[in-house]
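In the numbering used here, the protein residues as written are 128 to 461. Glycine included, every Cβ here is placed at the ideal spot set by N, Cα and C.
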Ligand code: TYM
């Protein structure tokens with residue numbers, strides 16, 4: 128019987144900080160669930176991180192620790208291609224070509240560029256501006272059908288589609304035009320202390336890291352901001368009670384319970400019961416991940432080997448697309 132070609136999926140995370148619950152629920156958890164149905168490529172986007180100054184030794188350490196955490200989250204390196212972006216030169220090579228097919232105006236409209244140039248106003252470098260072009264190259268090299276990301280990356284996948292469509296309209300069907308894949312729950316996890324902003328490593332008190340100890344996680348949930356209406360009742364109302372809605376979203380994503388089921392589970396009990404219950408659910412979900420990641424982090428030879436094999440497989444696929452692009456735009460081949 129003829130084997131059906133699996134659809135392809137690709138995504139990445141910057142090793143610019145330790146992985147957190149937003150990365151896990153918005154991205155990695157969904158990746159791990161799909162391995163049997165898709166051909167999957169996942170990478171650590173280290174080239175992207177230097178748009179903001181990094182401590183070189185920390186970056187090196189995080190790049191390998193993040194691989195351990197990917198695997199601990201259930202991404203089996205035998206079934207997924209796991210690699211480090213800087214190990215595959217085709218990313219930078221295609222990015223240059225795509226830079227010449229991306230308009231200044233469209234890059235100026237990117238929300239992340241506006242946010243980051245406000246935040247890092249002393250270092251608004253060209254890489255920060257052309258970041259979405261490198262991201263388009265990351266994606267298009269592998270001809271994926273889907274790009275599973277959290278909501279904040281949707282705009283970048285959209286500009287990638289625009290670039291692909293523009294390039295294809297000039298040169299024929301070179302790139303597959305991918306779809307963003309955004310989870311129904313977990314796609315936007317907010318900070319525990321700042322429920323108006325997405326969870327991010329830049330506010331560590333409100334950010335739960337995958338490697339946090341159970342005590343730290345419980346403490347962070349106990350201190351989570353709920354709401355100011357003093358209702359003390361677990362009810363899903365994103366507008367009036369964003370803090371509670373965020374905790375319910377986290378609980379729902381981890382337990383599979385609906386908002387109505389969560390409301391009945393905690394009916395008549397206040398936040399004093401609810402917040403620790405969410406904390407406990409997170410502790411139990413992250414415990415096996417932390418323990419396995421700690422074990423893997425000690426086995427550097429194994430992690431290096433995974434990276435070596437991943438780079439080989441990724442380079443093979445990426446190389447094919449790059450050669451096609453070089454030919455189409457008119458670079459002389461020997
Ligand atoms: P990054 O590294 O900021 O985040 C990695 C993934 O985690 C998701 N995410 C969240 N989801 C829910 N709630 C949150 N609070 C939260 N914070 C982060 C992000 O949406 C993302 O899916 N530019 C990308 C990395 C990248 C990439 C790519 C992704 C580079 N090239 C190609 C996909 C395809 C980034 O900075 O994500």
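Sequence-distant residues of its chain with Cβ nearer than 6 Å to residue i (five each side left out)
| i | result |
| --- | --- |
| residue 134 | 165, 272 |
| residue 168 | 137, 208, 269 |
| residue 152 | 313, 316, 380 |
| residue 264 | 218, 221, 222, 225 |
| residue 437 | 208, 209, 210 |
| residue 424 | 192, 195 |
| residue 178 | 254, 255, 258 |
| residue 159 | 200, 201, 202 |
| residue 434 | 211 |
Proximity winner among the options, relative to residue i (alpha-carbon distances)
| i | options | result |
| --- | --- | --- |
| residue 440 | 209, 363, 420, 454 | 209 |
| residue 136 | 251, 244, 414, 304 | 304 |
| residue 289 | 342, 326, 451, 228 | 228 |
| residue 400 | 351, 427, 367, 421 | 351 |
| residue 224 | 433, 418, 414, 294 | 294 |
| residue 338 | 189, 240, 161, 405 | 189 |
| residue 318 | 432, 283, 372 | 372 |
| residue 427 | 187, 183, 162 | 187 |
| residue 300 | 245, 291, 368 | 291 |
| residue 417 | 200, 177, 182 | 200 |
| residue 394 | 363, 410, 412 | 363 |
| residue 456 | 234, 413, 249, 296 | 296 |
| residue 298 | 139, 451, 141 | 451 |
| residue 266 | 140, 429, 431, 404 | 140 |
| residue 367 | 411, 340, 322, 161 | 322 |
Where residue i falls, given that 16 or more other Cβ within 10 Å makes a residue buried
| i | result |
| --- | --- |
| residue 230 | exposed |
| residue 192 | buried |
| residue 222 | buried |
| residue 396 | exposed |
| residue 143 | buried |
| residue 459 | exposed |
| residue 406 | buried |
| residue 232 | exposed |
| residue 443 | exposed |
| residue 132 | exposed |
| residue 402 | buried |
| residue 385 | exposed |
| residue 461 | exposed |
Contact set for residue i: own chain, Cβ-Cβ below 7 Å, skip 5 residues either direction
| i | result |
| --- | --- |
| residue 398 | 353, 359 |
| residue 157 | 275, 310 |
| residue 389 | 361, 375, 378, 379 |
Beta-carbon contacts of residue i that lie in its chain and below 8 Å, excluding the five residues immediately before and after
| i | result |
| --- | --- |
| residue 174 | 212, 213, 218, 219, 261 |
| residue 320 | 330, 332, 333, 350, 351, 352 |
| residue 147 | 326, 327, 328, 334, 335, 336, 337 |
Which parts of the segment 131-218 are runs of the alpha helix (DSSP H), unbroken and 4 residues or longer, counting only runs that do not cross its ends? Qualifying alpha helix (DSSP H) stretches, in chain order: 156-159, 173-176, 183-199.
Going along the chain, which unbroken runs of the alpha helix (DSSP H) with 4 or more residues stay wholly within the segment 387-455? Qualifying alpha helix (DSSP H) stretches, in chain order: 398-424.
Ignoring anything shorter than 4 residues or poking outside the segment 273-357, list the alpha helix (DSSP H) runs there in chain order. List check, alpha helix (DSSP H) in window: 281-298, 341-349.
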